[in-house]
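Asks: Heads up, the working numbering is the position in the sequence shown plus 1, with the first residue counted as 1.
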Amino acid sequence: MSEREILQATLRNCNPRVASILRGTVSTVDELVRVGTLVERDVSEERAYWRQRQAEHQAKSNGANKAAKGRESNPHIAVLSGNMEKQLDPLALPVTIKNYRCQAVLDTGSTYSLLQESYWKKLKSSMETWLSSRGQTFSLANGHVQTALGKVIWNCTLHGHQYPFSAFVMKDQDLTLPVILGLEFLMDSGIQIDFKDRTYVLSEEIEVKHPFLLYTSSAAISLHLALPLVQVPSSTLATIKDLVSRAEVNRTQKCQLEALMLERPTVCTESLGRTAVIRHQINTSDEIPVRKRAYPVSVARQQFIDQEVSKMLEKGIIRPSTSPWAAPIVLVPKKDGNMRFCIDYRALNAKTPLDGFPMPQIQDILESMYGASIFSTLDLKSGYWQVLMDEESIPKTAFVTKNAQYEFLCLPFGLRNSAATFQRLMNTVLRDCLGKFCFVYLDDIVIYSQNVQEHFEHLKQLFDILEAAGLTLNLSKCNLLQRSITFLGHVVSAEGVRTETAKVEAVQNFPVPTTLKEVQRFLGLAGWYHRFIPHFSEIAAPLHALKSRDVVWEWTMECQQAFDRLKCALQKTSVLASPDFTKGFKVQTDASDVGLGAVLTQDHDGAEHVIAYASRLLHGAEKSYSTPEKEWG
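#1: Over what stretch of residues does the alpha helix (DSSP H) that includes residue 609 continue unbroken?
#2: Give the straight-line distance between the Cα atoms of residue 470 and residue 169, rounded to the nearest whole angstrom.
#3: Compute the Euclidean distance between the alpha carbons of residue 139 and residue 186, then round it to the nearest angstrom.
#4: Would you kindly work out how many angstroms separate the C-alpha atoms of residue 263 and residue 463, rounded to a whole number?
#5: How would you write the range of the beta strand (DSSP E) that residue 591 sits in, first residue to last?
#6: Figure out for me which residue from 563, 530, 610 has the closest Cα to the Cα of residue 544.
#7: Can the beta-carbon of residue 531 be found less than 9 Å from the beta-carbon of residue 412?
#8: Tell me the rounded alpha-carbon separation between residue 542 and residue 587.
#9: With 16 other CB atoms within 10 Å as the buried threshold, where does residue 529 fall?
#10: Is it buried or exposed, residue 121, if we count other Cβ atoms within 10 angstroms and call 16 or more buried?
#11: Please name the residue, chosen from 408, 364, 300, that lies closest to residue 346 on a Cα-to-Cα basis.
#12: Considering just the uninterrupted stretch of the beta strand (DSSP E) at residue 156, what are its terminal residues?
#13: Where do the N-terminal and C-terminal ends of the alpha helix (DSSP H) with residue 256 fall, by residue?
#14: Whole angstroms are fine: how far does the CA of residue 598 sit from the CA of residue 249?
#15: Can you check which of these residues, 113, 430, 443, 450, is closest to residue 437 by C-alpha distance?
#16: Would you give the residue range spanned by the alpha helix (DSSP H) that residue 543 belongs to?
#17: In three-state terms, what does DSSP make of residue 385?
#18: Quick check on this structure: which residue in 519, 499, 177 has the alpha carbon closest to the alpha carbon of residue 364?
#19: Assuming residue 473 and residue 274 make a contact with CB atoms under 8 Å, what is their CB distance in whole Å?
#20: Cα separation between residue 491 and residue 277?
#21: Is residue 201 closer than 9 Å to residue 167 when the C-beta atoms are compared?
#22: Assuming the contact rule is C-beta atoms closer than 8 Å, residue 156 and residue 253 should be a hit. Round their C-beta distance to whole Å, please.
#23: What's the gap between the Cα of residue 183 and the Cα of residue 117?
#24: In the structure shown, what three-state DSSP assignment does residue 357 receive?
#25: Is residue 642 helix, strand or coil by DSSP?
#26: Based on the DSSP secondary-structure assignment, which residues constitute the bridge partners of residue 636?
#27: Please give the ranges of any beta strand (DSSP E) in the region 303 to 344, keeping only runs that are unbroken, at least 3 residues long and fully inside the region.
#28: The beta strand (DSSP E) that contains residue 488, what's its start and end?
#29: Which residues bound the beta strand (DSSP E) around residue 449?
#30: Taking one C-beta from the region 574 to 589 and one from the region 597 to 611 each time, how about it: are there three or more such pairs within less than 8 Å?
#31: Measure the Cβ-Cβ separation of residue 137 and residue 148 and say whether it is below 9 Å.
#32: Mapping DSSP to helix, strand and coil, what is residue 390?
#33: Between the Cα of residue 257 and the Cα atoms of 526, 403, 453, 501, which residue gives the shortest distance?
#34: What separation, rounded to the nearest whole angstrom, lies between the Cα atoms of residue 477 and residue 626?
#35: Could you spell out the range, first to last residue, of the beta strand (DSSP E) harbouring residue 298?
#36: Using the C-alpha atoms, what's the distance from residue 523 back to residue 506?
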């Protein structure tokens, strides 16, 4: 790694305020160590200075808020030396906001950008209102804490380049200057500052140095440090930034998305949620306990089991148990070679009546997104574990290890009605928006909108609903503001629905079956996309014939041809358009000696588009029907 790369990596990971001072000032590691030490000392002295000034100010004015009104003298901030006698004039930039040119003062001591209420009224359009600040408070330099009135998300122009401008609106008496650009703006814009020369460089013009303006007001700058409502861990912040960077929208909208997520830290978090909306009950046909012994495992697998149990104990998922019920642990291999921790609840499930709560139909979901052009998918973090068990049912979840017994406090995987309970929970929580702009299949949520601005409103509503329900997201598996998304094995976009590349490749790479079970697996994979393949049932007929009980297994030439034709047909599938239910449809049917076929089409913008293909085999007496009877019957 070069010295320049070391410098860049260090500045990216150090205190943002210190980094903003050092960036553009130091060029070697030696300078970084020397100057960084001075800056850290100066920041410490600055804090001591403000504590002293606050005490003096309170003694003189009996608590009057003079600093916030701009009547206090400038703070003595030494940037590159420990000389506290040196005073720095405000650093002003010539920005244009909403067609108004103004001097905005850069304040590296301010976490966020700030705007006076009177200036907001001057800049806003006639019907415009500010966004909610969600109770965001700020600590002023004199120690007073004030609440922001609201928040705006605009653009500002600097030397012909446009940057996102997100600012909190404050009362005039709480803010010394009309416009203050904080660290958030500095980091989003990538501006590099040279405090020695009092110049700055734009990321788009790295060779051009711009001098700071001499601010024309005598008002002083105060530190405006945001007091976060909930502290966002650095790892969560990094995940949010990565998620935002993948959004397929412009820079301003990405800033808006990041702000939206940071405003809801109880949803966008790495912590596991707990909902009080529903609890899982295990009803059994009788109360006679079923108890099984632990399965024998190797030393390596036992170590894995012990590690998983320790993690679940630490997270409050399980607790030690003395229950008369007990189920053994099974480790299921994953595709990546790792193991999945599961409980063998087959004996308990045999005593549990089925909960018939309906699961969503995937086809219905995919057909209901007509007109949408922007999509998001949300994934709940360990969704089942966010549902608490009914207290009386907890003993029935007990499982045993080699030398201990535990029981679940949260909904475990493997219970007969786990999926039904979770789907009921999600349908209850999202009942006001299901089918309007979102669908949910277990812990997978899809949000669809006609435009970006509408999508932001939908995201806000979803986040608020999840927050009220006590549910949290798995941010690493979410995809926000995308032009196309993968959902339940299909790729959805404004053009319609198409097959997922990975699943098609799985079919293409499937070896020639040698057993009936392998034939069934292949038909299951290929059949997932039967709506994309004309005459699917007719093509697959020789393979389905192998499943008959009175047929002796034999891989014939017909079977091989059907196998190859299905692979070939799946490679050539086109995009299926989303249906517009306000328009009419066309149905074209076809019949042969062995099966029926149909295609559903619709006119979109003067062109005919395929909505879906359908097919099935003829059975018994149906084969003797005339062609018209087959097609219309």
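By construction, the Cβ of each residue, glycine as well, lies at the ideal position given by its N, Cα and C atoms.
Keep in mind that this is a model prediction, so the values were computed, not measured.
Replies: From the atom records:
#1: Residue 609 -> not in any alpha helix (DSSP H); beta strand (DSSP E) instead, spanning 608 to 618.
#2: Their backbone Cα atoms lie some 28 Å apart in a straight line.
#3: Take the alpha-carbon of residue 139 and the one of residue 186: they are about 17 Å apart.
#4: Looking at the two C-alpha atoms, the distance is approximately 15 Å.
#5: Unbroken beta strand (DSSP E) run through residue 591: 587 to 592.
#6: Residue 544 has its Cα closest to that of 563, out of 563, 530, 610.
#7: Not a contact, by the Cβ cut-off of 9 Å.
#8: Put simply, the backbone Cα of residue 542 is about 27 Å away from that of residue 587.
#9: By the 10 Å Cβ count, residue 529 comes out buried.
#10: Classification for residue 121: buried.
#11: Checking every option, the nearest Cα to that of residue 346 belongs to 408.
#12: Counting along the chain, the beta strand (DSSP E) containing residue 156 begins and ends at 151 to 159.
#13: Counting along the chain, residue 256 sits inside the alpha helix (DSSP H) bounded by residues 252 to 263.
#14: Cα to Cα, residue 249 sits roughly 39 Å from residue 598.
#15: Closest option to residue 437, Cα to Cα, is 450.
#16: Unbroken alpha helix (DSSP H) run through residue 543: 542 to 546.
#17: Look at residue 385 here: in three-state DSSP terms it is helix.
#18: Comparing alpha-carbon positions, the option among 519, 499, 177 lying closest to residue 364 turns out to be 499.
#19: Right, their Cβ atoms sit about 4 Å apart.
#20: Computed Cα separation, rounded: 33 Å.
#21: In this structure, residue 201 does not lie closer than 9 Å to residue 167 by Cβ.
#22: The beta carbons of residue 156 and residue 253 sit about 6 Å from each other, so the pair counts as a contact at 8 Å.
#23: Computed Cα separation, rounded: 14 Å.
#24: In the structure shown, the three-state DSSP call for residue 357 is coil.
#25: Within the shown structure, residues of the chain are numbered from 2 to 634, placing residue 642 beyond reach of any answer.
#26: With the chain running from 2 to 634 in the structure shown, residue 636 is simply not present.
#27: Within the region 303 to 344, the runs of beta strand (DSSP E) at least 3 residues long that lie entirely inside it are, in chain order, 319 to 321, 330 to 334, 340 to 344.
#28: Element bounds for residue 488: 485 to 488.
#29: In this chain, the beta strand (DSSP E) harbouring residue 449 covers 445 to 450.
#30: Cβ pair count under 8 Å is three or more, so yes.
#31: A contact, by the Cβ cut-off of 9 Å.
#32: The answer is strand: DSSP assigns residue 390 an E or B state.
#33: Ranking the options by Cα distance to residue 257, first place goes to 453.
#34: Straight-line measurement puts the Cα of residue 626 at about 56 Å from the Cα of residue 477.
#35: Run containing residue 298: none; DSSP gives neither H nor E here.
#36: Spanning the two alpha carbons is a distance of roughly 12 Å.
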